[in-house]
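Take my numbering: the last position of the sequence shown gets the number 478, and nothing is skipped along the way.
Shown next, in structure tokens, is the structure this report addresses.
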Amino acid sequence: MTLVGSLAEAVAAVVGAARLRTHPLDLHLYRKDAGITSGEASVIAFPESASEVAELVRIAGRMDVPVVARGAGTGLAGGAVPQDQALVLVMTRMNRIDVVDAENRTALVEPGVINLDLSRHTAPLRLHFAPDPSSQAACTIGGNVGNNSGGPHCLAEGSTVNHVLAVEYVDTDGNLVRVGGPAPDPIGLDLRAVLVGSEGTLGIVTRALVKLTPDPPAVRTLLLWFDDVADCAATVSGVIAEGVVPAALEMMDRPLIRAIENFIHADLPVDAAAMLLAEVSGHPDAVDAEAAVVERIGRDHGAQVRVAQNEEERAVLWKGRKSAFGAVAQIAPDYYLHDTVVPRTRLVEAMTRLYEIAERYDLTLLNTVHAGDGNLHPKLAFDGSDPEVAARVHAAGEEMVQLAIDLGGALSGEHGIGLEKRHLMGLVFGTVDLDAQARLREAFDPEARLNPHKVLPAGSRCAEFGRPVPEGTWV
Numbered sequence: 004m005t006l007v008g009s010l011a012e013a014v015a016a017v018v019g020a021a022r023l024r025t026h027p028l029d030l031h032l033y034r035k036d037a038g039i040t041s042g043e044a045s046v047i048a049f050p051e052s053a054s055e056v057a058e059l060v061r062i063a064g065r066m067d068v069p070v071v072a073r074g075a076g077t078g079l080a081g082g083a084v085p086q087d088q089a090l091v092l093v094m095t096r097m098n099r100i101d102v103v104d105a106e107n108r109t110a111l112v113e114p115g116v117i118n119l120d121l122s123r124h125t126a127p128l129r130l131h132f133a134p135d136p137s138s139q140a141a142c143t144i145g146g147n148v149g150n151n152s153g154g155p156h157c158l159a160e161g162s163t164v165n166h167v168l169a170v171e172y173v174d175t176d177g178n179l180v181r182v183g184g185p186a187p188d189p190i191g192l193d194l195r196a197v198l199v200g201s202e203g204t205l206g207i208v209t210r211a212l213v214k215l216t217p218d219p220p221a222v223r224t225l226l227l228w229f230d231d232v233a234d235c236a237a238t239v240s241g242v243i244a245e246g247v248v249p250a251a252l253e254m255m256d257r258p259l260i261r262a263i264e265n266f267i268h269a270d271l272p273v274d275a276a277a278m279l280l281a282e283v284s285g286h287p288d289a290v291d292a293e294a295a296v297v298e299r300i301g302r303d304h305g306a307q308v309r310v311a312q313n314e315e316e317r318a319v320l321w322k323g324r325k326s327a328f329g330a331v332a333q334i335a336p337d338y339y340l341h342d343t344v345v346p347r348t349r350l351v352e353a354m355t356r357l358y359e360i361a362e363r364y365d366l367t368l369l370n371t372v373h374a375g376d377g378n379l380h381p382k383l384a385f386d387g388s389d390p391e392v393a394a395r396v397h398a399a400g401e402e403m404v405q406l407a408i409d410l411g412g413a414l415s416g417e418h419g420i421g422l423e424k425r426h427l428m429g430l431v432f433g434t435v436d437l438d439a440q441a442r443l444r445e446a447f448d449p450e451a452r453l454n455p456h457k458v459l460p461a462g463s464r465c466a467e468f469g470r471p472v473p474e475g476t477w478v
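Shown next, in the form of structure tokens:
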């Protein structure tokens, strides 16, 4: 019997034939996530408990097969793309909300719980899970933990790491480990924070204790639109400089506005160069005052302003923002999206240069930006079946990432590194930095069996190429 056949037989003994996939079509479907990179799986399994996950990891260890945990597959950086004919564990059947503690404002959940479902479940308690990626109607809490996901409302509330108190995970030896706890400031090393954002390379999350945030007593949602992209970007900096930190500041440009409007018909200003979706929340008096500040600064920069008059109108505006990725499909069959960050003060310059790059490569560019924290999401719409176009898309993407770094930014704001940007880690991390990160990974997974070839480029460990760590350096 082949290795794959033996693996499938051993996996079936744990999860049963009904929760096992080896058909070529299934392997094809699970070879990639929502990004443009793909890989190769050998067996797909759908565990339903932490004990099953642990046993599957032990089986993979005995057979020397890598393991990749996968949620809903909404990731865009190749984080869930299997390599080396990995065993793929699809965690979506582990979707139980075990405990909701309204008094302590926490929930204990399994990794397959859909982000938006958790907030819907706690809505009667006037509580919600604050991180809200654009894919929140589909993405899972486990995926959010793996990528330290953000979202429009993370400007004021913080990303996933700020909302996870504890993590239960299966380590590379198949042991069930718990880190963190209900106390907000635990004693000792914060291994919880190490696990959040590690993209499945340190362990496979089986449960998470997350914070729940009270619903605000009042909310104002404003739509501002501009004749110039620079004025829109300058408004963002102006609002923050005024001392107002809105719940959200989301920027979209004309090509994307038109795609969204054609997609959901939300009465958006399709002739505007750019629009800003701003939301303030809190005490009613404070909300009125902050909304007035946003409107004043917007009008000072030439904006026209519309304030949502009711919850229905607010929901339509947010549906438009959350539909941005789907709307791009009307333009081309594929899109390449980068998730980089620039300082807010460089946002105007960043937007100008992004358009210059796209024009130079003769590509269609659509922009949505978590503008409040400078998190860029340039989307290049293209037809991936044309190799020449695909090559131009990749070249333009590399320049866009380099631009963000040149402006003092970061490689990723919320999507992670995955396969897509691991070769670019050297742009922001030196030899010693990469070596330290690789040592940390070795401490958790010496054989690099969990989600291999992700995040860190080959040769990150100095010892791999006999490179000495400079004497006296902290590692």
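Where a beta carbon is used, it is the ideal one built from N, C-alpha and C, also for glycine.
Source: prediction; values computed, not measured.
Query                                                                                                                             : Result
Contact between the stretch 222-234 and the stretch 135-142 (3+ Cβ pairs under 8 Å)                                               : no
Touching by the beta-carbon criterion (3+ pairs, under 8 Å), the stretch 415-427 and the stretch 168-176                          : no
Assigned secondary structure, residue 91 (DSSP; H/G/I helix, E/B strand, else coil)                                               : strand
Under the three-state DSSP convention, the category residue 147 falls into                                                        : helix
Start-to-end residues for the beta strand (DSSP E) that takes in residue 278                                                      : 277-285
Alpha-carbon spacing of residue 415 relative to residue 462, whole angstroms                                                      : 21 Å
Residue 87 versus residue 67: straight-line alpha-carbon distance, rounded                                                        : 11 Å
Opening and closing residue of the alpha helix (DSSP H) in which residue 400 lies                                                 : 390-409
6 Å Cβ shell around residue 460 - same chain, five flanking residues per side excluded                                            : 425, 426, 428
With 16 other Cβ atoms within 10 Å as the buried cut-off, status of residue 243                                                   : buried
Segments of 4+ residues assigned as alpha helix (DSSP H) that fall wholly inside the stretch 185-254                              : 194-198, 232-244
Residue 391 to residue 365 span [Cα, whole Å]                                                                                     : 12 Å
Residue 89 versus residue 150 - alpha carbon distance                                                                             : 20 Å
Buried versus exposed, by CB contacts within 10 Å (16 or more), residue 383                                                       : buried
In DSSP terms, what residue 337 is bridged to                                                                                     : 385
Segment contact, 8 Å Cβ cut-off, at least three pairs: the stretch 47-66 with the stretch 17-37                                   : yes
Residue 431 in three-state terms, based on DSSP                                                                                   : coil
Between the CA atoms of residue 443 and residue 205 - distance to the nearest angstrom                                            : 9 Å
Run of the alpha helix (DSSP H) containing residue 98, from where it starts to where it stops                                     : No alpha helix (DSSP H) contains residue 98, which DSSP labels as neither H nor E.
Residue 9 burial status per 10 Å Cβ neighbour count (16 or more: buried)                                                          : exposed
Short Cβ contact (7 Å threshold) for residue 3 with residue 45                                                                    : Outside the modelled stretch of the chain, which goes from 4 to 478, sits residue 3, for which no answer is possible.
Burial state of residue 431, where buried means 16 or more other Cβ atoms lie within 10 Å                                         : exposed
Cβ pair residue 228, residue 278 closer than 7 Å                                                                                  : yes
Given 8 Å, three or more beta-carbon pairs between the stretch 73-85 and the stretch 27-47                                        : yes
Chain-order list of residues whose beta-carbon lies under 6 Å from that of residue 325 (same chain, five-residue window excluded) : 137
Pairwise C-alpha distance: residue 272 and residue 194                                                                            : 47 Å
Among 280, 129, 147, 106, the one whose alpha carbon lies nearest that of residue 117                                             : 147
With 16 other Cβ atoms within 10 Å as the buried cut-off, status of residue 254                                                   : buried
Residue closest to residue 29, alpha-carbon to alpha-carbon, out of 91, 65, 60                                                    : 91
Residue 256 in three-state terms, based on DSSP                                                                                   : strand
Contact belief for residue 239 with residue 158 at Cβ below 8 Å, rounded distance in angstroms                                    : So it is not a contact: roughly 10 Å between Cβ atoms.
Whether residue 331 touches residue 338 by CB criterion (7 Å)                                                                     : yes
Sequence-distant residues of its chain with Cβ nearer than 7 Å to residue 131 (five each side left out)                           : 122, 125, 215, 216, 218
Straight-line gap, residue 18 to residue 457 (C-alpha atoms, nearest Å)                                                           : 27 Å
Residue 413: first and last residue of the uninterrupted beta strand (DSSP E) it sits in                                          : Careful: residue 413 lies outside any beta strand (DSSP E) and carries neither H nor E.
Residue interval of the beta strand (DSSP E) (run including residue 47)                                                           : 44-48
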